[in-house]
Structure formats: structure tokens, C-alpha cells
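The structure under discussion appears below in the form of C-alpha cells.
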Amino acid sequence: MKNTTNSKDSTPEVELLKFYPFEVSTKKPRLLAYADVRVDQIVIRGIKLFQAKNGGLFIQLPTVNFDGKDYPVIEVKSKTLLDRIRREVVDYYKALEDA
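In C-alpha cells, the structure reads:
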């Protein structure tokens, strides 16, 4: 799980802390796992990993349900950082599948 990236530049360090794989249903999109990720000094808990109808994998950052709607708890403005978080979770899941 220790695949951290950081150098002397301002690139945030991204590290997968915990990964909770499971399968809840067969309908798509199918929830495959929860993950906790650290970005520098911030821990994001409860990231969901889904399998889409076409078989692709995607993440959903934590949300809170209010009045029947889901609202984001955290929003990552940097597309690059969001992709790094996604890669960390998806790559770990794929490594488990290959093992």
C-alpha cells in the first residue's frame, strides 16, 4: 500500500491507507470496495470503488445524504490530483484481482 509520491515540488503525496474489498450486488454500477487515502496531511475516508456497466472502474468521493439527495463531503478541484487518487485505488484493486 505504500506507493507515495512527493518530491521537492508542490505535488501532494498520495497514499492508500486501507482498502476494504467486497461485493454487495450484481446490478451495475456494482460497489466493489471502500478505501481510505491520505493526501499530504489530509485523510479521505470512505472512497467508494465501483464497476460501471461497461466494466470500467471508477471512484466516488464521500457523500452525505440529505433530503434524498447525495451531496459531496469533499471536492477535489485538481483533475490531476483526483486522477492520482483514482489510480491509487484502482491499481490496488487490480493488483488484488491479479494475485
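Every position in the sequence shown, counted from 1, becomes a number in our numbering once 1088 is added. From the three backbone atoms N, C-alpha and C, an ideal C-beta is built for every residue, glycine too.
So if DSSP puts residue i in a beta bridge, which residue, or which two residues, is it bridged to?
{"i": "residue 1157", "result": "1154"}
{"i": "residue 1107", "result": "1123"}
{"i": "residue 1102", "result": "1127"}
Could you name the residues of the same chain whose beta carbon sits closer than 7 angstroms to that of residue i, not counting the 5 residues immediately before and after it, in chain order?
{"i": "residue 1159", "result": "1151, 1152"}
Residue i lies in the beta strand (DSSP E); which residues open and close that run?
{"i": "residue 1132", "result": "1130–1139"}
{"i": "residue 1145", "result": "1145–1148"}
Where do the N-terminal and C-terminal ends of the alpha helix (DSSP H) with residue i fall, by residue?
{"i": "residue 1182", "result": "1167–1186"}
Please classify residue i as buried or exposed, where buried requires at least 16 other C-beta atoms within 10 Å of its C-beta.
{"i": "residue 1123", "result": "buried"}
{"i": "residue 1147", "result": "buried"}
{"i": "residue 1125", "result": "buried"}
{"i": "residue 1121", "result": "buried"}
To which residues of the same chain is residue i closer than 8 angstroms at the C-beta, ignoring the five residues directly before and after it?
{"i": "residue 1113", "result": "1119"}
{"i": "residue 1143", "result": "none"}
Identify, in the order they occur along the chain, each residue of the same chain with its Cβ nearer than 6 angstroms to the Cβ of residue i, setting aside the five sequence neighbours on each side.
{"i": "residue 1174", "result": "1147"}
Quiz item: Are there three or more Cβ pairs, one per stretch, closer than 8 angstroms when the region 1125–1133 is compared with the region 1103–1117?
Solution: With a cut-off of 8 angstroms on Cβ pairs, the region 1125–1133 is in contact with the region 1103–1117, counting three or more such pairs.
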